[in-house]
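**Q**
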Amino acid sequence: MDKIVIDGGRPLKGKVKISGAKNAALPILAATLLTQGKMELQNVPQLADVKTMEALLKGVGLKIHSRANKLKVHSNGYSGTTAPYELVKTMRASILVLGPLLAMKGKARVSLPGGCAIGARPIDLHLKGLEAMGAKIKVEHGYVEAEAPKLKGAKINFDQVSVTGTENLMMAATQAKGTTLLENAAREPEVIDLANMLNACGAKISGAGSSLIKIEGPTPLTGNKWSVMPDRIEAGTFMIAACLPESEVLIQGANEEDLEALTLKLQECGAKIESSEAGIYVKAPKKLKSSDINTAPFPGFATDLQAQFMALMTVAEGSSIIRETIFENRFMHVGELIRMGADIKVEGNSAIVRGMKQLSGAPIMATDLRASACLVIAGLAAKGITEINRVYHIDRGYEKIEKKFRKLGAKIKRTKVKF
Ligand code: UD1
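Plus 838 on top of the position in the sequence shown (first one is 1) and you've got the working numbering.
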């Protein structure tokens, strides 16, 4: 098992190039189940979660060739319809194959993702939507068993905004007969990237990016070329890190409009942020001020950046209230930050962070993907050595994170844990 070791307290300076978005690559890969012929994907990040999705697709019979960040998928004539527990248990987003498999094969058997560290995360909205489109669904022996000889268009109103729920139903609806309307749909940029990719293959989807998405079906989809959008969460993580004392970073390849909520917050904290053709330039403030956040669906402050922002607030001047409204148990990083000397109290879904001059390095443990990015930022901010264990979480969603930080001047390395 690997660990990341950081000798903290150094400013970050230079340029960093943002990779393709994990949360766009996963649904786009699942969408290749809907296409005929050859699909060529570019800017696909090399991540553990992407490998899991590739394994799921190969498991049902797709042929995939990957070279660096390029991926070729041949989806003609696959016959599998099962996503097994062994793969699904490692990645909740595996549920994204349910809609496409059901739409193409008339049936699908997908293991229930189960709970995960950040909360229960049910899939009831995915299932309700597919049922509204005519599917018969039972949950038996830990698997979702869905059947629908032919899906039909339907009007679906999400009780709660769900990103993968919106994506799953949008994909299924491309093969349903008639019009599907998704109301209270997720407006995340990754939903737009998926809709654009599907439209490039022949789908008729309009309204992606708004809370009302219309899909006309069925449309045969043929393979095409698609380049995955840049990862706004990775970009946001570097923007937050760039607010550590005396840092100055140019973040290349990110879309500034995907990062407005974070940009406004960091500006409130005193950072100088400028966007240009060259990228998003972030200069740390002389004195970092505290600010409060409430996580919310896009365009609100992303829950996937909450932990990283909290790490920054531990060394800001004043107090910050961080309210997590999307997931019920997304404060696993708090205990680890406290081990580094942070002053944080959790009350319900709020964390009250009292900023201090500096954290102190300590051995700590990553508990989930974004929590591990938070701990990297904390380690960079701390005085002395921080050792982050269980870093496999970070490899699920950040491409070459330690290399990228090292290029910015951080003293960070990956080593093997000896027992
Ligand atoms: C996606 C992202 C994840 C991000 C999250 C919220 C991917 C692959 N993952 O996850 O990184 O943190 O959006 O921005 O894109 N819910 C239900 N029933 C459902 C579905 C969701 O109650 O059927 C609830 C969830 O428990 C949660 C909320 O809705 O409280 C939002 O979850 P959702 O948007 O579905 O998250 P994911 O799509 O799993």
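Idealized CB from N, CA, C, for every residue including glycine.
So P1201 is in the beta strand (DSSP E); what residue range does that whole segment cover?
**A** 1201-1203
**Q** For my contact list, L1213 and H1171 are in at a C-beta cut-off of 8 Å; report their separation, rounded to the angstrom.
**A** 6 Å
**Q** Return the bridge partner residues of Y1230 from the DSSP annotation.
**A** According to DSSP, Y1230 bridges with nothing at all.
**Q** With H, G and I counted as helix, E and B as strand and the rest as coil, what does DSSP make of Y981?
**A** strand
**Q** State the DSSP-derived secondary structure class of Y1119, mapped to helix, strand or coil.
**A** The three-state secondary structure of Y1119, taken from DSSP, is strand.
**Q** Is L963 near the ligand UD1 - that is, is its Cβ less than 7 Å away from at least one heavy atom of it?
**A** Yes - the ligand UD1 has a heavy atom lying nearer than 7 Å to the Cβ of L963.
**Q** Between which two residues does the beta strand (DSSP E) containing G897 stretch?
**A** It is not in any beta strand (DSSP E) - G897 instead sits in the alpha helix (DSSP H) that spans 886-898.
**Q** Looking only at C-alpha atoms, which of D1130, R930, P1201 sits nearest to E1162?
**A** For E1162, the nearest C-alpha among the options comes from D1130.
**Q** Whose C-alpha, out of E1021, G1047, N1022, is nearest the C-alpha of A1033?
**A** If we check each option's Cα against that of A1033, G1047 comes out closest.
**Q** What does V948 pair with, by DSSP beta-bridge criteria?
**A** Answer is A921, V982, bridged to V948.
**Q** Using the Cα positions of V882 and S857, report the straight-line distance between them to the nearest angstrom.
**A** 8 Å
**Q** Keeping to the same chain, check which residues put their C-beta closer than 6 Å to that of A886; ignore five residues upstream and five downstream.
**A** The residues are D1233, R1234.
**Q** How is L841 classed by DSSP in three states: helix, strand or coil?
**A** Before going on, a small fix: residue 841 reads as Lys here, not Leu. Reduced to three states, the DSSP call for K841 is strand.
**Q** To the nearest angstrom, how far is the alpha carbon of G918 from that of V911?
**A** 16 Å
**Q** Output needed for A1220: all residues of its chain with C-beta closer than 6 Å, excluding positions within five of it in sequence on either side, in chain order.
**A** Non-local C-beta neighbours of A1220 in its own chain, meaning closer than 6 Å and more than five positions away in sequence, comprise G846, M1178, L1197, S1198, G1199, ordered along the chain.
**Q** Measuring alpha carbon to alpha carbon, tell me which residue in A1014, L909, R947 is nearest P922.
**A** R947
**Q** Among A1010, P960, K943, G1222, which one has its Cα closest to the Cα of E969?
**A** Each of A1010, P960, K943, G1222 was checked against the Cα of E969, and the nearest Cα belongs to A1010.
**Q** Do A986 and K974 have their C-beta atoms within less than 8 Å of each other?
**A** Taking 8 Å as the Cβ cut-off, A986 and K974 qualify as a contacting pair.
**Q** Fully enclosed by the segment 995-1020, which alpha helix (DSSP H) runs are 4 residues long or longer?
**A** Note on the segment 995-1020: whole alpha helix (DSSP H) runs with a minimum of 4 residues are 1001-1011, in chain order.
**Q** Only counting the same chain, and skipping five residues up and downstream in sequence, which positions put a Cβ closer than 8 Å to that of H1231?
**A** A1204, T1205, D1206, L1207, A1209, S1210
**Q** DSSP state of A864, grouped into three classes?
**A** Sequence inspection shows Leu at residue 864; the Ala mentioned does not correspond to that position. Note: L864 maps to helix in three-state DSSP.
**Q** Looking only at its chain, what residues have a beta carbon closer than 7 Å to the beta carbon of A862, apart from the 5 residues adjacent to it on each side?
**A** If we look at A862 and ignore the five residues flanking it on each side, its Cβ neighbours are E1028, D1031, L1032, V1066, M1067.
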